[in-house]
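A.B. asks: Right, I'll just put the structure down here and ask away after.
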Amino acid sequence: MTLKDTLGCARRLLDEGGIDDAAFEGELLLRHALGLSRAGLYSDLDGDISPQQQDACLRAVQRRLSGEPTAYITGRREFYGLEFSVTPDVLIPRPESELLIEKTLALAKDYKIPHIADIGTGCGAIAVSLVVNLPQAVMYAIDISHDALKVASANCRRHSVADRVRLICGDMLQPVAEPLDFIVANLPYIKPEDIAAACAEPSLALDGGADGLDKIKRLVQQVEGKLNPGGSLLLEIGMGQAELVSSLLRYLFPAACLEVTPDLAGIDRVVCMTLPH
Numbered sequence: 009m010t011l012k013d014t015l016g017c018a019r020r021l022l023d024e025g026g027i028d029d030a031a032f033e034g035e036l037l038l039r040h041a042l043g044l045s046r047a048g049l050y051s052d053l054d055g056d057i058s059p060q061q062q063d064a065c066l067r068a069v070q071r072r073l074s075g076e077p078t079a080y081i082t083g084r085r086e087f088y089g090l091e092f093s094v095t096p097d098v099l100i101p102r103p104e105s106e107l108l109i110e111k112t113l114a115l116a117k118d119y120k121i122p123h124i125a126d127i128g129t130g131c132g133a134i135a136v137s138l139v140v141n142l143p144q145a146v147m148y149a150i151d152i153s154h155d156a157l158k159v160a161s162a163n164c165r166r167h168s169v170a171d172r173v174r175l176i177c178g179d180m181l182q183p184v185a186e187p188l189d190f191i192v193a194n195l196p197y198i199k200p201e202d203i204a205a206a207c208a209e210p211s212l213a214l215d216g217g218a219d220g221l222d223k224i225k226r227l228v229q230q231v232e233g234k235l236n237p238g239g240s241l242l243l244e245i246g247m248g249q250a251e252l253v254s255s256l257l258r259y260l261f262p263a264a265c266l267e268v269t270p271d272l273a274g275i276d277r278v279v280c281m282t283l284p285h
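Residues in the sequence shown are numbered consecutively from 9, following the numbering used here.
Take a look at the structure:
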């Protein structure tokens, strides 16, 4: 069987199994199983592969069809133009979270040495993406999970920022003593009943409590005294949560400026609260 035949078979099985974007995922799984780059795959599509290689490809496809995310199978996920290691101990970075990066970078461009905390850092995608683009930033990456921080540490080393990201195991903002210029957070915001029973990602990184906002509310209530004048809190939120989160922030910080930004799908995705100077 040729590479082309194997790729077509993988894509067909995934499509028949109801996998979205089966063509793309089939390519990722095939490349992972065979240890090929994209260029390597397409440069030899007519080349034959061994029965053992065919079996490896089929096993990868079967894992995907059983509900295991492709990112966990390959151990990698691209985010904001960078590749990150991921494991079942962390949430898989989503494209919509790149909006947090864009908003923070736009606000931080005027700071000489911005002090930033990434709360619930997980695999470290947000923290690493920010310090790669803000060479002078001081970054605190905080997570309550020791296992998640191990993954984040590996990603800091992968992108040569281990000396610039302070990984801390702790709860929300409690471990940070000094005032910050930016607090960035992609905390769990999904209601328990909306988490699929077969979901392979850690519930700790998904479950936002009864209304999906338990973790966000806890963080917001810790912000006072942690942000410098003119500093900003940036929160990723879920569909339909913008009004509740904005109301809470207006109540706690009546003088602050609030902005809600939709993602590419038109869903309100990031709430930014900036304190007056």
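Don't be surprised by glycine CBs; every beta carbon is placed ideally from N, CA and C.
Computed from a prediction, not measured in an experiment: that's the story for all the values here.
Cysteine 131 by DSSP, collapsed to three states: which one?
C.D. replies: It is coil, neither helix nor strand.
A.B. asks: According to DSSP, simplified to helix, strand and coil, what is valine 98?
C.D. replies: In this structure, valine 98 counts as coil in the three-state DSSP scheme.
A.B. asks: If we ignore side chains and look at the alpha-carbon of each, how far apart do glutamate 232 and arginine 174 end up?
C.D. replies: Answer to the nearest angstrom: the Cα atoms are 22 Å apart.
A.B. asks: Relative to the C-alpha of leucine 36, which residue among Pro262, Leu221, Thr78, Gly130 is closest?
C.D. replies: Comparing Cα-Cα distances from leucine 36 to each of Pro262, Leu221, Thr78, Gly130, the minimum goes to Thr78.
A.B. asks: Would you say the region 219-229 touches the region 192-201, given that touching needs at least three Cβ pairs under 8 Å?
C.D. replies: Counting Cβ pairs under 8 Å, three or more are found: they touch.
A.B. asks: Looking at the unbroken beta strand (DSSP E) that takes in glycine 238, where does it start and where does it end?
C.D. replies: Segment 235-244, the beta strand (DSSP E) holding glycine 238.
A.B. asks: With respect to the beta strand (DSSP E) encompassing threonine 269, which residues constitute its N-terminal and C-terminal limits?
C.D. replies: From DSSP, the beta strand (DSSP E) with threonine 269 extends over 265-270.
A.B. asks: Is the CB-CB distance between tyrosine 119 and alanine 208 below 8 Å?
C.D. replies: No; because the gap between Cβ atoms is not below 8 Å, this pair is not in contact.
A.B. asks: CB leucine 108 to CB isoleucine 134, shorter than 8 Å?
C.D. replies: A contact, by the Cβ cut-off of 8 Å.
A.B. asks: Contact check, valine 140 vs isoleucine 124 under 8 Å by CB: the rounded distance?
C.D. replies: Actually they are not in contact, since the Cβ atoms of valine 140 and isoleucine 124 sit about 13 Å apart, beyond 8 Å.
A.B. asks: Determine the extent of the alpha helix (DSSP H) in which alanine 170 is found, giving its start and end residues.
C.D. replies: Here alanine 170 belongs to no alpha helix (DSSP H), and DSSP marks it neither H nor E.
A.B. asks: For alanine 250, which three-state DSSP category applies?
C.D. replies: Helix.
A.B. asks: Out of Gly43, Pro122, Phe92, Gly25, point me to the one whose CA is closest to glycine 239's CA.
C.D. replies: Glycine 239 has its Cα closest to that of Pro122, out of Gly43, Pro122, Phe92, Gly25.
A.B. asks: Let me know the secondary structure DSSP gives isoleucine 81 once reduced to three states.
C.D. replies: Note: isoleucine 81 maps to helix in three-state DSSP.
A.B. asks: DSSP three-state call for leucine 142: helix, strand or coil?
C.D. replies: Coil at leucine 142, not helix or strand.
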